[in-house]
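Novice: Here you go, one structure.
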Amino acid sequence: MVIQQALNSLQLGSIYALIALGYTMVYGVLRLINFAHGDVFMVGSYAALFLAVSLHCPLLVILPLTFIAIGLLGVVIERLAYRPLRNAPRVSAVITALAVGLFLETIMLATIGPEPKKFPALVTTTLYTFGSFTTTNLQIMIIMVSIILMIAVDLFVAKTRTGMAMRALSWDKTYAPLLGINVDRIVSVTFGMGAGLASIAGIFVGLAYPVIDPYMGIMVGWKAFVSAVIGGIGSIKGAVIGGFLLGAVEILSAAFLPSTYRDMIVFGLLLFILLFKPQGFFGLPVQKKV
Amino acid sequence: MVKNFLSAVSLLGTVAGIIVFFSCDKSDSIKIGLNAELTGSVPVVGKSCVNAAAMAVAEVNARGGIALADKTVPIKLLVEDNEDKAESAAAVAQKFVSGGVLAMIGPNASRNAVPSAVVAESNRLLMISPWATNPKLTMDKKYIFRACFTDDFQGNVVAAFIYKKLGLRRAAVLFDVTSEYNKGIATVFKESFVKTGGTVAAFESYSTGDKDFTAQLSKITAAGADVLFLPNYYNEVPLQIQQARQTGFTGSIVGSDSWGSEEILKLGKDMLNGLYFTTHYSADMATDKARKFIADYQARYGSRPDDVAALTYDSFGLLFESIQKAQSRDPEKVRAQLSSLSKFLGVTGAMEFRSGSGSPVKSAVVIQIKNNAFTYFDSINPL
Amino acid sequence: MKRKLALFLLFSAGLTCALCCDFLRLLDPYVAQILMYIGINIIMTASLNLVNGYMGEFSVGHAAFMAVGAYTASFFSISVFTHGPAPVVFFPLSLFAGGGAAALVGLLIAIPAFKARDDYLAIITLALIMITKSVFENIPWFGGPAGYSGIQKYTSLSWVFVCAAATVVVVRNLVNSNFGRGIIAVRDDEVVANLVSVDTKRVKVLAFVISAFFAGIGGGLFAHLIQFINPRTFSIIKSTDFLLMLYLGGSGTLVGPILGAGIWTILLELLRFLGIWRFAVAPVALIMLMIYRPRGIMGGKVLN
Numbered sequence: 446m447v448i449q450q451a452l453n454s455l456q457l458g459s460i461y462a463l464i465a466l467g468y469t470m471v472y473g474v475l476r477l478i479n480f481a482h483g484d485v486f487m488v489g490s491y492a493a494l495f496l497a498v499s500l501h502c503p504l505l506v507i508l509p510l511t512f513i514a515i516g517l518l519g520v521v522i523e524r525l526a527y528r529p530l531r532n533a534p535r536v537s538a539v540i541t542a543l544a545v546g547l548f549l550e551t552i553m554l555a556t557i558g559p560e561p562k563k564f565p566a567l568v569t570t571t572l573y574t575f576g577s578f579t580t581t582n583l584q585i586m587i588i589m590v591s592i593i594l595m596i597a598v599d600l601f602v603a604k605t606r607t608g609m610a611m612r613a614l615s616w617d618k619t620y621a622p623l624l625g626i627n628v629d630r631i632v633s634v635t636f637g638m639g640a641g642l643a644s645i646a647g648i649f650v651g652l653a654y655p656v657i658d659p660y661m662g663i664m665v666g667w668k669a670f671v672s673a674v675i676g677g678i679g680s681i682k683g684a685v686i687g688g689f690l691l692g693a694v695e696i697l698s699a700a701f702l703p704s705t706y707r708d709m710i711v712f713g714l715l716l717f718i719l720l721f722k723p724q725g726f727f728g729l730p731v732q733k734k735v
Numbered sequence: 013m014v015k016n017f018l019s020a021v022s023l024l025g026t027v028a029g030i031i032v033f034f035s036c037d038k039s040d041s042i043k044i045g046l047n048a049e050l051t052g053s054v055p056v057v058g059k060s061c062v063n064a065a066a067m068a069v070a071e072v073n074a075r076g077g078i079a080l081a082d083k084t085v086p087i088k089l090l091v092e093d094n095e096d097k098a099e100s101a102a103a104v105a106q107k108f109v110s111g112g113v114l115a116m117i118g119p120n121a122s123r124n125a126v127p128s129a130v131v132a133e134s135n136r137l138l139m140i141s142p143w144a145t146n147p148k149l150t151m152d153k154k155y156i157f158r159a160c161f162t163d164d165f166q167g168n169v170v171a172a173f174i175y176k177k178l179g180l181r182r183a184a185v186l187f188d189v190t191s192e193y194n195k196g197i198a199t200v201f202k203e204s205f206v207k208t209g210g211t212v213a214a215f216e217s218y219s220t221g222d223k224d225f226t227a228q229l230s231k232i233t234a235a236g237a238d239v240l241f242l243p244n245y246y247n248e249v250p251l252q253i254q255q256a257r258q259t260g261f262t263g264s265i266v267g268s269d270s271w272g273s274e275e276i277l278k279l280g281k282d283m284l285n286g287l288y289f290t291t292h293y294s295a296d297m298a299t300d301k302a303r304k305f306i307a308d309y310q311a312r313y314g315s316r317p318d319d320v321a322a323l324t325y326d327s328f329g330l331l332f333e334s335i336q337k338a339q340s341r342d343p344e345k346v347r348a349q350l351s352s353l354s355k356f357l358g359v360t361g362a363m364e365f366r367s368g369s370g371s372p373v374k375s376a377v378v379i380q381i382k383n384n385a386f387t388y389f390d391s392i393n394p395l
Numbered sequence: 083m084k085r086k087l088a089l090f091l092l093f094s095a096g097l098t099c100a101l102c103c104d105f106l107r108l109l110d111p112y113v114a115q116i117l118m119y120i121g122i123n124i125i126m127t128a129s130l131n132l133v134n135g136y137m138g139e140f141s142v143g144h145a146a147f148m149a150v151g152a153y154t155a156s157f158f159s160i161s162v163f164t165h166g167p168a169p170v171v172f173f174p175l176s177l178f179a180g181g182g183a184a185a186l187v188g189l190l191i192a193i194p195a196f197k198a199r200d201d202y203l204a205i206i207t208l209a210l211i212m213i214t215k216s217v218f219e220n221i222p223w224f225g226g227p228a229g230y231s232g233i234q235k236y237t238s239l240s241w242v243f244v245c246a247a248a249t250v251v252v253v254r255n256l257v258n259s260n261f262g263r264g265i266i267a268v269r270d271d272e273v274v275a276n277l278v279s280v281d282t283k284r285v286k287v288l289a290f291v292i293s294a295f296f297a298g299i300g301g302g303l304f305a306h307l308i309q310f311i312n313p314r315t316f317s318i319i320k321s322t323d324f325l326l327m328l329y330l331g332g333s334g335t336l337v338g339p340i341l342g343a344g345i346w347t348i349l350l351e352l353l354r355f356l357g358i359w360r361f362a363v364a365p366v367a368l369i370m371l372m373i374y375r376p377r378g379i380m381g382g383k384v385l386n
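Protein chains in written order, with my numbering: chain A, 446 to 735; chain B, 13 to 395; chain C, 83 to 386.
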């Protein structure tokens with residue numbers, strides 16, 4: 446039973462982690478909590494649905510195509526809604542983010558309709574039973590691909606020039622341009638990557654829980670945001686750890702307690718962690734200059 | 013500061029005035045309000061409801077309206093979306109109270125209907141819910157009615173069906189504890205099944221909006237149940253069945269009338285093959301009246317009517333007949349007629365209201381899903 | 083002096099109008115309901131303004147205070163005052179109880195607020211909303227997830243007007259006092275504020291408590307208007323609604339919340355004919371406004 450729940454937690458955690466990565470990367474670079482991120486994840490799911498159902502693409506084609514398409518969406522949103530507000534008070538950007546999220550939800554509702562849609566089974570599931578626990582090839586695939594992506598992102602940020610630029614920008618916004626960093630381009634890349642990762646999460650959610658609707662991004666978005674904060678917002682490792690931790694807490698609390706207590710536990714835990722580690726696990730301590 | 017305040021107030025005042033102007037209605041028709049789940053998690057329910065309502069009203073208006081004493085009065089249908097949110101449903105009920113409707117049809121989901129009924133009852137608004145089966149809806153109320161059976165009846169039907177017809181003894185339930193309907197019928201089923209002699213090996217719950225049930229389903233599989241009862245809505249059941257199979261559950265799965273929308277076939281496809289559920293009517297055992305209704309609906313909307321549509325059509329039928337019998341637009345008189353209506357033959361079968369209860373006495377059907385279609389299996393009549 | 087007289091006359095005129103509308107049924111009930119919604123939103127937004135606007139914090143927990151106020155006030159009016167005095171007496175008492183309970187929760191939140199700012203406060207207040215919602219879902223006495231029903235409609239235009247006026251006046255007086263300068267000092271630079279002997283802890287606690295108190299009253303009015311509340315009503319979405327109204331109108335100003343609440347409520351009602359598209363048009367309008375007037379409609383002007 447324990448292994449069963451552990452596997453379930455890993456699957457859910459991977460999804461939260463992928464979305465949390467987007468939050469954390471954007472926050473690192475812009476100090477903006479992109480509240481529209483959860484809805485970008487939802488759009489990613491629908492985009493994949495469209496590719497699968499209308500264009501009959503196989504999964505291997507859908508994954509990169511959706512990543513690119515939604516990545517572009519992220520770049521466009523940044524360009525239109527956030528860039529003009531880069532020097533405005535932070536709260537304006539936050540309100541804009543909320544408005545963008547609402548807009549995305551409405552567009553999907555109005556064009557596709559409120560009925561939940563079936564996400565096609567692009568992977569024929571085979572059940573593997575090992576004594577006390579069962580898993581499916583789908584579950585294993587989700588966990589493994591997610592981990593590979595997370596490692597890829599970490600390597601990208603640590604080793605490539607663009608990655609270094611992203612880190613430089615997250616440490617000091619004012620001086621980075623002086624070092625020849627094209628702030629606009631780096632921000633666009635960050636948004637693109639974050640959105641792309643969220644869309645992959647959207648595909649995985651579509652495969653694992655094949656009924657999708659336009660509202661599914663809201664709660665998932667907030668929970669992934671919580672994961673990013675628990676891990677330390679701005680830290681890639683943190684987002685990953687936070688995602689898995691949250692997945693585990695959710696699954697385990699549903700396993701042992703009535704499900705109505707779940708949110709209370711998850712958020713109570715969050716507060717508890719923040720009490721002792723106000724910057725999250727891997728966050729950088731915030732220094733205030735007087 | 014005062015100047016700004018004044019300009020703000022006058023701006024608001026002007027706009028309020030515009031709203032007043034546009035919201036006045038001066039015609040002489042009988043207004044009926046429709047409180048439907050057009051958006052939210054079960055929009056197909058709302059759509060069926062609106063379609064059937066529009067058709068029922070159009071049919072009456074084609075004859076000029078309802079014939080009362082000296083003249084024929086047309087019907088005006090006012091449709092509002094309750095967004096499948098309890099507070100919005102209650103707000104819509106309020107709006108209809110203020111709007112001077114003769115009666116309100118809907119909401120359909122018990123979680124929305126029950127709170128709307130509280131508002132309707134305290135404002136003496138006549139309400140008929142087509143599809144809400146939770147007993148609380150009409151309990152201790154004078155103005156609230158429904159066109160369907162209650163879960164007190166349905167829960168027993170499911171228990172008897174599983175025990176006698178399927179011959180299974182160890183049941184498990186997975187239900188939404190935050191939704192009136194699911195919680196109500198799950199509880200009735202549990203009591204009834206145990207009373208009949210069966211065991212309920214697991215009684216697991218989740219909250220509306222959850223998508224991951226693997227924790228609860230793993231427990232159910234581990235408890236060794238041979239049948240799983242899923243009294244949940246059409247958008248959740250396919251996920252639950254899929255995850256149940258993935259946790260290794262191989263037993264039978266049975267549902268209740270919340271499965272009744274054909275949308276469930278689209279979302280569930282093959283995994284629903286061979287499964288049973290209880291509901292209000294079956295298209296393939298139709299009476300003449302039902303057949304005509306199905307044909308008309310199909311011609312008008314291009315799809316087959318589901319149970320929500322049929323029950324909505326019957327709700328209007330009940331209302332129109334009561335108005336006709338009362339020969340009056342007075343809601344009190346109409347209500348009186350409705351509460352003693354006997355032998356009404358609707359699309360969903362015969363029904364009658366007895367001893368001042370707002371819930372009709374009528375039969376249930378069991379449907380089996382075969383080859384991606386609903387097929388009639390059995391009927392259960394009330395005692 | 084003249085200003086005070088003008089304001090007093092304005093208040094009396096407004097109150098008389100409201101009383102007339104209530105007792106003489108001058109207004110179409112639908113319009114009256116919209117006006118009451120506007121009033122309640124004004125109370126919520128103005129109280130939020132104290133913490134988010136003047137003190138510069140980023141709290142998303144306002145819906146939680148509203149929830150506590152709504153449930154408490156309903157509990158009092160249904161269960162405590164069942165055989166009590168006339169509604170005109172016990173309704174304000176119930177509202178007060180709701181406000182008081184919400185204020186207690188505000189006190190609880192103020193403590194973590196000492197250390198956390200900005201995004202971390204956002205998380206903490208988000209956790210507050212979720213936990214509050216969860217708590218009400220699990221307490222059977224308040225109806226659990228199915229909701230609390232049987233609330234009588236005691237809210238009327240007069241009550242809403244009085245409470246809204248009270249909220250605005252209290253916030254205004256607070257902000258113009260020494261205490262208010264303390265609040266603004268915390269917003270501008272907390273470390274410096276501490277250095278010039280502003281008791282930042284006390285300031286924060288009072289700001290949260292007062293803000294929560296009025297939010298609780300707003301919640302009580304809300305509950306007695308729609309006659310039914312359930313935990314899902316007081317979600318993060320409700321909080322973001324108030325944030326939108328506040329920043330639309332201009333935070334940190336007095337008239338901002340009133341305008342923001344009014345315009346957003348009316349706009350959404352007027353756009354009803356667009357159906358679902360109103361939720362696309364309204365956000366786009368908001369985004370355009372943020373781009374061209376990032377401080378909101380009234381923002382950037384210092385008004386007393």
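Ideal Cβ placement from N, Cα and C applies to all residues, glycine included.
Out of B:Asp326, B:Gly210, B:Ala198, state which residue places its alpha-carbon closest to the alpha-carbon of B:Lys301.
Specialist: For the residues B:Asp326, B:Gly210, B:Ala198, the minimum Cα distance to B:Lys301 belongs to B:Asp326.
Novice: Could you tell me the boundaries of the alpha helix (DSSP H) in which B:Thr233 lies?
Specialist: It spans 226–234 - the alpha helix (DSSP H) in which B:Thr233 sits, taken as one unbroken run.
Novice: Which residue or residues does DSSP assign as beta-bridge partners of B:Lys88?
Specialist: Beta-bridge pairing links B:Lys88 to B:Lys43.
Novice: Quick one: give me the first and last residue of the beta strand (DSSP E) that B:Arg158 is part of.
Specialist: 156–158 is the span of the beta strand (DSSP E), which, as asked, contains B:Arg158.
Novice: Considering only DSSP beta bridges, list what A:Phe432 is partnered with.
Specialist: Residue 432 of chain A is absent from the model: chain A starts at 446 and stops at 735.
Novice: Quick one: does B:Lys153 have its CB under 8 Å from some CB of chain C?
Specialist: No - not a single Cβ of chain C is within 8 Å of the one on B:Lys153.
Novice: With 8 Å as the threshold, decide whether the Cβ of A:Ala462 is near any Cβ in chain C.
Specialist: By this cut-off, A:Ala462 is not an interface position.
Novice: With 16 as the cutoff for other CB atoms within 10 Å, does B:Ala144 come out buried or exposed?
Specialist: Buried, because 16 or more other Cβ atoms sit within 10 Å of the Cβ of B:Ala144.
Novice: Please tell me whether C:Ala294 and C:Ile124 are closer than 8 Å, where the distance is taken between their beta carbons.
Specialist: No.
Novice: To test your reading of the DSSP string, which unbroken beta strand (DSSP E) runs of 3 or more residues are found completely within the segment 94–161 of chain B?
Specialist: Fully enclosed beta strand (DSSP E) runs of 3 or longer: 115–117, 138–141, 156–158.
Novice: Of all the CB atoms in chain B, is at least one closer than 8 Å to the CB of A:Asp617?
Specialist: Closer than 8 Å: no.
Novice: Report, in whole angstroms, the separation of the C-beta atoms of C:Val291 and C:Gly181, which I expect to be a contact under 8 Å.
Specialist: Between C:Gly181 and C:Val291 the Cβ distance is about 10 Å, and since that is not below 8 Å, they are no contact.
Novice: What is the DSSP secondary structure of C:Ser333, reduced to helix, strand or coil?
Specialist: C:Ser333 falls in the coil class under three-state DSSP.
Novice: Comparing the C-beta of A:Phe636 with each C-beta of chain C, is any distance below 8 Å?
Specialist: For A:Phe636, the answer is no, since every Cβ of chain C falls outside 8 Å of its Cβ.
Novice: Taking Cβ positions only, does C:Pro365 come closer than 8 Å to chain B?
Specialist: False, the Cβ-Cβ gap to chain B never drops below 8 Å.
Novice: At a CB distance below 9 Å, what residues from the segment 550–566 of chain A approach chain B? Give them in sequence order.
Specialist: Within the segment 550–566 of chain A, the residues whose Cβ lies closer than 9 Å to some Cβ of chain B are Leu554, Gly558, Pro559, Glu560, Pro561, Lys562, Lys563, Ala566, listed in chain order.
Novice: Flag C:Phe71 as yes if its beta-carbon sits less than 8 Å from any beta-carbon of chain B, otherwise no.
Specialist: Nothing in the structure corresponds to residue 71 of chain C, since chain C is present only between 83 and 386.
Novice: Tell me, please, which residues DSSP counts as bridged to C:Phe310.
Specialist: Per DSSP, C:Ser231.
Novice: Using a cut-off of 7 Å between C-beta atoms, extract the partners of C:Glu392 located in chain B.
Specialist: Within the shown structure, residues of chain C are numbered from 83 to 386, placing residue 392 of chain C beyond reach of any answer.
Novice: In chain order, what residues of the same chain lie with their CB nearer than 7 Å to the CB of A:Ala699, ignoring the 5 residues before and after it?
Specialist: Result list for A:Ala699: Arg707, in chain order.
Novice: Hey, would you say A:Ile585 sits closer than 8 Å to A:Leu463, going by beta carbons?
Specialist: It is not a contact, given that the beta carbons lie outside the stated cut-off.
Novice: Would you give the residue range spanned by the alpha helix (DSSP H) that B:Ser391 belongs to?
Specialist: Careful: B:Ser391 lies outside any alpha helix (DSSP H), inside the beta strand (DSSP E) at 385–392.
Novice: If we call anything under 8 Å between Cβ atoms a contact, is B:Ala103 one with C:Ile308?
Specialist: Result yes, Cβ atoms of B:Ala103 and C:Ile308 sit closer than 8 Å.
Novice: Is it the case that the segment 454–472 of chain A contacts the segment 669–682 of chain A, given that we only count it when at least three CB pairs across the two stretches are under 8 Å?
Specialist: Yes, they touch.
Novice: How should B:Cys36 be labelled, buried or exposed, when 16 other C-beta atoms within 10 angstroms of its C-beta is the threshold for buried?
Specialist: Low local confidence applies: a pLDDT of 46 at B:Cys36 is under 50, so the model's placement there is unreliable, with the coordinate-based value given in what follows. Classification of B:Cys36: exposed, given that the 10 Å Cβ count is below 16.
Novice: With which residues is B:Arg182 paired in a DSSP beta bridge?
Specialist: Paired residues: B:Thr211.
Novice: Taking C-alpha atoms, which residue in A:Gly483, A:Gly688, A:Leu624, A:Pro703 lies nearest to A:Trp667?
Specialist: When only C-alpha atoms are compared, the closest one is A:Gly483.
Novice: Are the C-beta atoms of B:Ser217 and some chain C residue less than 8 Å apart?
Specialist: Closer than 8 Å: no.
Novice: Using a C-beta cutoff of 8 Å, does B:Ser375 count as contacting chain A?
Specialist: Taking Cβ atoms only, chain A never reaches closer than 8 Å to B:Ser375, which makes this a no.
Novice: In the structure shown, what three-state DSSP assignment does B:Asp342 receive?
Specialist: In the structure shown, B:Asp342 sits in coil (DSSP, three-state: anything other than H, G, I, E or B).
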